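**Student:** Encoded as structure tokens, here's the structure I'll be asking about.
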Amino acid sequence: DAGVIQSPRHEVTEMGQEVTLRCKPISGHDYLFWYRQTMMRGLELLIYFNNNVPIDDSGMPEDRFSAKMPNASFSTLKIQPSEPRDSAVYFCASSPLYQGGNQPQHFGDGTRLSIL
Amino acid sequence: QKEVEQNSGPLSVPEGAIASLNCTYSDRGSQSFFWYRQYSGKSPELIMFIYSNGDKEDGRFTAQLNKASQYVSLLIRDSQPSDSATYLCAVTSSGNTGKLIFGQGTTLQVKP
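Those protein sequences? They're chains A and B, same order as listed.
Using our numbering, read the first sequence as starting at 13 and increasing by one per residue.
Using our numbering, read the second sequence as starting at 6 and increasing by one per residue.
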């Protein structure tokens, strides 16, 4: 089975540029999650979707961040304009339909983002 | 703020010993509990989940859950240097949201 697929694996860009991160969840999974991980703050949930609908975006740091899920097999996380403090590893994860709370999330390999 | 607390470590154990990793959580409505292992530079990888009080064993790993005390632990028997990683505890958020709350992780070092 193919796991969660993220692209690109690494992104280095200059401050002020638009950054787009991509994610393909595991086929059949109903939930998709975007996380950011830094040494200082650990793993933070940014936003998650259920059946392509955003459910909770309270973790999105500011209006520069946006996420979409146009269909069940694709999601994007955009940062515009990017800033050096956005440098982090961004993970996408997916899980099956929530049934009594015992459905684990499966993570992609992540995108290591560096904003210069 | 619903939280998951872990000792950041590092926890250092000799090869062959039992490593004990602990986690407490604040949300009494949490129903399921997960342990993820994360090697440096890699993504979190699920190693165990538990949702009933008591112990659950899988190979060298045992997860323990005590909902009354809001406490989850992971025991690793016969620790190997390859077990050296950060271990993340995650619990479901109450309200059937599908959302997980992660702890900051405990770094385990197994010394040969």
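Yeah, the Cβ is synthetic: ideal placement off N, Cα and C, and Gly gets one too.
For clarity, every value in this text was computed on a predicted model and none was experimentally measured.
1) At which residues does the beta strand (DSSP E) containing residue 66 of chain A begin and terminate?
2) Select from the region 31–54 of chain A all residues with a C-beta closer than 7 Å to any C-beta belonging to chain B, and list them in chain order.
3) Tell me, to the nearest whole angstrom, how far the beta carbon of residue 109 of chain B is from that of residue 54 of chain A; I am working on the premise that it is less than 8 Å.
4) Can you tell me whether residue 97 of chain A is helix, strand or coil according to DSSP?
5) Quick check on the burial criterion: 16 or more other C-beta atoms within 10 angstroms. Buried or exposed for residue 116 of chain B?
6) Would you report the Cα separation of residue 56 of chain A and residue 72 of chain A, rounded to the nearest angstrom?
7) Indicate whether at least one CB of chain B lies closer than 7 Å to the CB of residue 122 of chain A.
8) For residue 8 of chain B, which residues of its own chain have a beta-carbon under 6 Å away from its beta-carbon, when the five flanking residues on both sides are left out?
9) Please look up how many angstroms separate the CB atoms of residue 51 of chain B and residue 112 of chain B, rounded, as I've assumed it's under 8 Å.
10) Since residue 36 of chain B and residue 93 of chain B are thought to touch, with beta carbons under 8 Å apart, how far apart are those beta carbons, to the nearest angstrom?
**Tutor:** Reading off the structure:
1) That run of the beta strand (DSSP E) goes 65–68.
2) 43, 54
3) Indeed, because the Cβ distance is near 4 Å, the residues count as touching under 8 Å.
4) helix
5) exposed
6) 9 Å
7) True, the Cβ-Cβ gap to chain B drops below 7 Å.
8) Answer for residue 8 of chain B: 31, listed in chain order.
9) Not confirmed; about 18 Å, so no contact.
10) That belief does not hold up - the Cβ atoms of residue 36 of chain B and residue 93 of chain B are roughly 18 Å apart, past 8 Å.
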